[in-house]
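If you read the sequences in order, they're chains A and B.
Counting with my numbering, you get residues 9 to 401 for the letters of the first sequence.
Counting with my numbering, you get residues 9 to 401 for the letters of the second sequence.
Protein chains: 2
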Amino acid sequence: MRCTGRIETRQVEELYINIDPIQAGGRLTSDAMKAIIAYGDGYSVCDHCRKPFRLDFIKTPPVDQFHRELATFLNMDIARVVPGARRGFQAIAGAYVGRGDPVLLTALSHYTEFLAVEAVGGMPLEIAKSTSGHITADAAADKIEEVKSVYGRNPSLLFIDHFDYQFGNEHEVKGVAKVAHQYDIPVLYNGAYSVGILPVDGKELGVDFVVGSGHKSMASPAPSGVLATTSERANEVLRTTASRGDVTGRTFGIKEVEMMGCTLMGVTLMGMMASFPTVRDRVKRWSRELEMGEIVVQALRSIEGTRILSEYPRKHTLTRVDTRESFDIIAQKHKKKGYFLSSALKDRGIVGLIPGATKVWKFNTYGLSERQVQHLADAFVEIAEENGLAVSR
Amino acid sequence: MRCTGRIETRQVEELYINIDPIQAGGRLTSDAMKAIIAYGDGYSVCDHCRKPFRLDFIKTPPVDQFHRELATFLNMDIARVVPGARRGFQAIAGAYVGRGDPVLLTALSHYTEFLAVEAVGGMPLEIAKSTSGHITADAAADKIEEVKSVYGRNPSLLFIDHFDYQFGNEHEVKGVAKVAHQYDIPVLYNGAYSVGILPVDGKELGVDFVVGSGHKSMASPAPSGVLATTSERANEVLRTTASRGDVTGRTFGIKEVEMMGCTLMGVTLMGMMASFPTVRDRVKRWSRELEMGEIVVQALRSIEGTRILSEYPRKHTLTRVDTRESFDIIAQKHKKKGYFLSSALKDRGIVGLIPGATKVWKFNTYGLSERQVQHLADAFVEIAEENGLAVSR
């Protein structure tokens, strides 16, 4: 079914159980769907933009209030919306990283952190992960000392992901931030896999910046996200323009340089705003989400040869699995080859596994109902059994 | 009527004739409205993202084809989608402007051009406008020579708006580009008020970059836009990442640094794509749009004391008007003060004039039907006559 002349209607979320690792937290709420219909047009939030002409001052719709609520939600002082978490990284790197500056990321950092540093000419350097797949305060301290001795100065910024995109493991944010602050290094918390799905308290974590993704974890359209910071850091990362036209003498009010002025002028912001009451509420049910994920993890663990590569017990619904000794062995002789697994899942109404993947792959159960999760767990076991893999439950 | 608990349904385009200067070209087409409903969820275009895992390679929906069509549409070699024209400026400034570099803008440049230069530490300098309100090749040459003598080097980049946001005047893009290229200065064409509403031929204009705005002029949701360039410049502004994890040895494929990887992963891109067939067609009807605008301009000119500040005859549907000697005189004694004009317009079903504005203001007739335009023209005349201003038609 086409929705326009050449665009097929997307029905993934309507017709299937979707376990795609990056899509789970970004499904719209029904309120967001209503809001994007009402605010689809380009500059739709600008009808009542008045002096000082900046997005976060708009009162109708209540954009100003939403900004305050976002800051409160993350227990930070001030918040801005940005076109994706990556644009939050870019703004912060723009404010703190100079050409040639060493910057700390981690061995599990998302590629967009590297790009944000590379774009401003900084030098991204990784904090090693432990053998258990964790970024620890000790490893951060070691790396800072190494950088100091090699470069003769401190890193100008440190990125730490609360939960990484590879394993969904939880890292020592609080400890890492404490260490970084002993060296006066500002700390950027990457909450792409946390803000909007589990409780995040920026002050408690002791970080300077909390960055989250609307389309990844806040039930919002892409590209959207949040950058929250402290009063102290706001003057730096949210500095207002000092430009003045040399011929005209024009100045540009209180536009913020790293935000490029206004950021999300329509559908993306309204989607975030409409989903926000639900998002604020749903983070309280994180333990329930973990219980649901556990049902699937247990089913996978019951299949002979299958290993969970993520930390266990799971602290996140995104999980990395190694099925080289189970489903991949089947793939080698199956007539559908590696496609047998995604195909068998799809026959059972399940999508989101990359077609052909039978070696190392990821899935995310976030937002699935108990019935859906049970169906998913049963599907993996059934497919294993049908293909002669031993199952011990 | 609320669309969610606390968000009023926006019905501006359904209930009124909207003459807001920035909103006219960004109203969605009905195809875009259908597409945003189908693709509202966060990462909705990523269902079929396969190696090499980059937005412009996605075949389903046909994102790859759309990228090629965008380049063809602008007569450039290669195109990318970006979160608004300002993010296109930012990418290009990031690639060409170093700290302390002089960069040429114009006396009519949009503030986002200043911010893009300021963010990378460049020095924005304005080319003066002529007494008629135009940016000429001669003025560009003068400014380049001035910069050379003051800074001892050429500007590293030059921005030129085809039509400026203040007057909607057309500037000497082709001549300015020719002059700039004599000094080997790359030229960024700001098509925020042209790409998507009138024909733009980048090669014919001789520019290095064409940047357009989806939400301003391509009937698309915000934030969206396009950056198109030549094969030669693509290697610079669209360079792929050279980052390598120092601990893990990871590399990041063909992600483009200035794009921050992928840009518009869902509703914004799909809105652009769904509107594109209409947009590609509508630019051919630009002369008709100018005729419509002329009806309103004539009506305003017929009102005693009213001056058109934009160039005349009009070459754009965005027009700047001075009514200090007409409507503003009424405002001084009217019981509604300056609000009488916007109020009288609203009584006639017309919105988009900043409430209270009676001195110098802008309007845009883009996309209005002949009947709507006639109603708008009549409304201005009626309001003038009702308030005792002489009208000569």
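No residue lacks a Cβ here, since even glycine has one placed at the ideal position from N, Cα and C.
Chain A beta carbons: is any one of them nearer than 8 Å to that of residue 305 of chain B?
-> For the purposes of this step, residue 305 of chain B is taken as residue 297 along the second sequence, with counting starting at 1. The C-beta of residue 305 of chain B comes no closer than 8 Å to any C-beta of chain A.
Return the CA-CA distance between residue 86 of chain B and residue 101 of chain B, expressed in angstroms with no decimal places.
-> The residue given as residue 86 of chain B occupies position 78 in the second sequence. The residue given as residue 101 of chain B occupies position 93 in the second sequence. If you take the alpha carbons of residue 86 of chain B and residue 101 of chain B, they lie about 18 Å apart.
Output the distance between the C-alpha atoms of residue 279 of chain A and residue 41 of chain A, rounded to the nearest integer angstrom.
-> Your numbering for residue 279 of chain A matches position 271 in the first sequence. Your numbering for residue 41 of chain A matches position 33 in the first sequence. Taking the straight line joining both Cα atoms gives about 7 Å.
For the segment 141–163 of chain A, which residues have a beta carbon sitting closer than 8 Å to at least one beta carbon of chain B?
-> Cβ contacts with chain B come from no residue of the segment 141–163 of chain A.
Beta carbon proximity, residue 104 of chain A to chain B, threshold 8 Å = Position 96 of the first sequence, counted from the first residue, corresponds to residue 104 of chain A. For residue 104 of chain A, the answer is no, since every Cβ of chain B falls outside 8 Å of its Cβ.
Chain A contact residues for residue 80 of chain B, given Cβ-Cβ distances below 7 Å = The sequence position of residue 80 of chain B within the second sequence is 72, counting from 1. Going along chain A, no residue has its Cβ under 7 Å from residue 80 of chain B, so there is no contact; the nearest lies around 16 Å.
Residue 31 of chain A: contacting residues in chain B (beta-carbon distance under 9 Å) = Residue numbering aside, residue 31 of chain A sits at position 23 when the first sequence is read from its first letter. Residues of chain B whose Cβ lies closer than 9 Å to the Cβ of residue 31 of chain A are, in chain order, 49, 50, 51, 52, 54, 55.
Using a Cβ-Cβ cut-off of less than 8 Å, list which residues of the segment 180–208 of chain B approach chain C; keep chain order.
-> Going by chain labels, chain C is absent from the structure shown, which instead holds the protein chains A and B.
If the cut is a Cβ gap below 9 Å, which residues of chain A does residue 95 of chain B touch?
-> Counting from one through the second sequence, the residue named residue 95 of chain B turns up at place 87. Residues of chain A with a Cβ closer than 9 Å to the Cβ of residue 95 of chain B are, in chain order, 91, 95, 268.
Helix, strand or coil for residue 84 of chain A, going by three-state DSSP, please let me know.
-> Counting from 1 along the first sequence, the entry for residue 84 of chain A is found at position 76. Residue 84 of chain A: coil per DSSP, three-state reduction.
Beta carbon proximity, residue 377 of chain A to chain B, threshold 8 Å = The residue labelled residue 377 of chain A in the question sits at position 369 within the first sequence. No, its Cβ sits nowhere closer than 8 Å to a Cβ of chain B.
Find the residues of chain B that neighbour residue 15 of chain A, judging by a C-beta separation of less than 9 Å, and give them in chain order.
-> By one-based count along the first sequence, residue 15 of chain A stands at place 7. Proximity of chain B to residue 15 of chain A at the Cβ level (cut-off 9 Å) is accounted for by 39, 42, 43, 46, 47, 69, 70, 278, 281, 282, in chain order.
Nearest to residue 255 of chain A (by Cα), restricted to the options B/365, B/62, B/137, B/387 = For this step, residue 255 of chain A is matched to residue 247 along the first sequence. Looking only at B/365, B/62, B/137, B/387, the smallest Cα-Cα distance to residue 255 of chain A is reached by B/137.
Of the residues A/285, A/277, A/386, which one's Cα is nearest the Cα of residue 406 of chain A?
-> Because chain A in this structure spans residues 9 to 401, residue 406 of chain A falls outside the shown range and cannot be described.
Short check: CB of residue 183 of chain A to CB of residue 204 of chain A, under 8 Å?
-> Residue 183 of chain A sits at position 175 when you count from the first residue of the first sequence. Residue 204 of chain A sits at position 196 when you count from the first residue of the first sequence. No. Outside cutoff.
Thinking just about the alpha-carbon of each residue, which of A/226, A/159, A/193, A/230 is nearest to the one in residue 217 of chain A?
-> The residue given as residue 217 of chain A occupies position 209 in the first sequence. Answer by Cα proximity: A/193.
Residue 372 of chain B, enclosing beta strand (DSSP E) - first and last residue | The count along the second sequence starts at 1 and reaches residue 372 of chain B at position 364. Counted as a single uninterrupted DSSP element, the beta strand (DSSP E) harbouring residue 372 of chain B occupies residues 368–372.
Quick one: give me the first and last residue of the alpha helix (DSSP H) that residue 152 of chain B is part of.
-> Within the second sequence, numbered from 1, the residue matching residue 152 of chain B stands at position 144. DSSP places residue 152 of chain B in the uninterrupted alpha helix (DSSP H) bounded by 145–159.
Check whether the Cβ atoms of residue 233 of chain A and residue 375 of chain A lie closer than 8 Å to each other.
-> Taking the first sequence and counting its residues from 1, the one referred to as residue 233 of chain A is at position 225. Taking the first sequence and counting its residues from 1, the one referred to as residue 375 of chain A is at position 367. Pairing residue 233 of chain A with residue 375 of chain A gives a Cβ-Cβ distance that is not under 8 Å.
What is the DSSP secondary structure of residue 286 of chain B, counted as helix, strand or coil?
-> Taking the first residue of the second sequence as position 1, residue 286 of chain B is located at position 278. Residue state, collapsed to three classes: helix.
CB of residue 126 of chain B within 8 Å of CB of residue 249 of chain A, strictly = On the second sequence, position 118 is the one that residue 126 of chain B refers to. On the first sequence, position 241 is the one that residue 249 of chain A refers to. Yes, the Cβ-Cβ distance between residue 126 of chain B and residue 249 of chain A is below 8 Å.
Indicate the three-state DSSP secondary structure (helix, strand or coil) for residue 221 of chain B in the structure shown.
-> As a working mapping, residue 221 of chain B is identified with position 213 in the second sequence. In the structure shown, residue 221 of chain B sits in a strand (DSSP, three-state: E or B).
Any idea if residue 263 of chain B is buried or exposed, counting beta-carbon neighbours within 10 angstroms, 16 or more meaning buried?
-> For the purposes of this step, residue 263 of chain B is identified with residue 255 of the second sequence, where counting begins at 1. By the beta-carbon neighbour count (other beta carbons within 10 angstroms, threshold 16), residue 263 of chain B is buried.
Is residue 200 of chain A helix, strand or coil by DSSP?
-> One-based indexing of the first sequence puts residue 200 of chain A at position 192. DSSP places residue 200 of chain A in coil when its eight states are reduced to three.
Taking only the alpha-carbon atoms, compute the straight-line gap between residue 154 of chain B and residue 131 of chain B and give it to the nearest angstrom.
-> The residue you call residue 154 of chain B lines up with position 146 of the second sequence. The residue you call residue 131 of chain B lines up with position 123 of the second sequence. Rounded to whole angstroms, residue 154 of chain B to residue 131 of chain B spans 14 Å at the Cα level.
Just the Cα atoms here: how many angstroms apart are residue 32 of chain A and residue 119 of chain A?
-> As a working mapping, residue 32 of chain A is identified with position 24 in the first sequence. As a working mapping, residue 119 of chain A is identified with position 111 in the first sequence. Taking the straight line joining both Cα atoms gives about 20 Å.
In the segment 326–344 of chain B, which residues sit with their C-beta less than 9 Å from some C-beta in chain A, listed in chain order?
-> Contact residues of the segment 326–344 of chain B toward chain A are absent (C-beta to C-beta distance below 9 Å).
Within 8 Å (strictly less), CB to CB, does residue 98 of chain A reach chain B?
-> If you number the first sequence from 1, residue 98 of chain A lands on position 90. Chain B, which has a Cβ nearer than 8 Å to the Cβ of residue 98 of chain A, makes this yes.
Alpha carbon to alpha carbon, what distance is there between residue 215 of chain A and residue 139 of chain A?
-> The count along the first sequence starts at 1 and reaches residue 139 of chain A at position 131. The count along the first sequence starts at 1 and reaches residue 215 of chain A at position 207. The straight-line gap from Cα to Cα measures roughly 25 Å.
Is the segment 288–302 of chain B touching the segment 322–329 of chain B in the sense that three or more CB pairs, one from each, lie closer than 8 Å?
-> Yes, the segment 322–329 of chain B is in contact with the segment 288–302 of chain B.
Please classify residue 236 of chain B: does DSSP put it in a helix, a strand, or coil?
-> Along the second sequence, read from residue 1 onward, the residue named residue 236 of chain B stands at position 228. Residue 236 of chain B falls in the strand class under three-state DSSP.
Classification of residue 114 of chain A by the beta-carbon crowding that lies within 10 angstroms, buried from 16 upward = Numbered from 1 along the first sequence, position 106 holds the residue referred to as residue 114 of chain A. Result: buried.
Report yes or no: do the segment 375–390 of chain A and the segment 344–363 of chain B share at least 3 C-beta pairs separated by less than 8 Å?
-> Result no; under three Cβ-Cβ pairs closer than 8 Å.
Quick one, which residues of the segment 220–250 of chain A are near chain B if we go by CB-CB under 9 Å, in chain order?
-> Across the segment 220–250 of chain A, CB contacts with chain B closer than 9 Å involve 221, 222, 223, 224, 225, 226, 227, 228, 229, 230, 231, 232, 249, 250, in sequence order along the chain.
Is residue 1 of chain A helix, strand or coil when you go by DSSP?
-> Residue 1 of chain A falls outside the range modelled here, since chain A spans only 9 to 401, and no answer is possible.
Pull up the distance between the alpha-carbon of residue 373 of chain A and that of residue 327 of chain A, whole angstroms please.
-> Position 365 of the first sequence, counting from 1, holds the residue named residue 373 of chain A. Position 319 of the first sequence, counting from 1, holds the residue named residue 327 of chain A. Residue 373 of chain A and residue 327 of chain A: Cα-Cα distance of roughly 9 Å.
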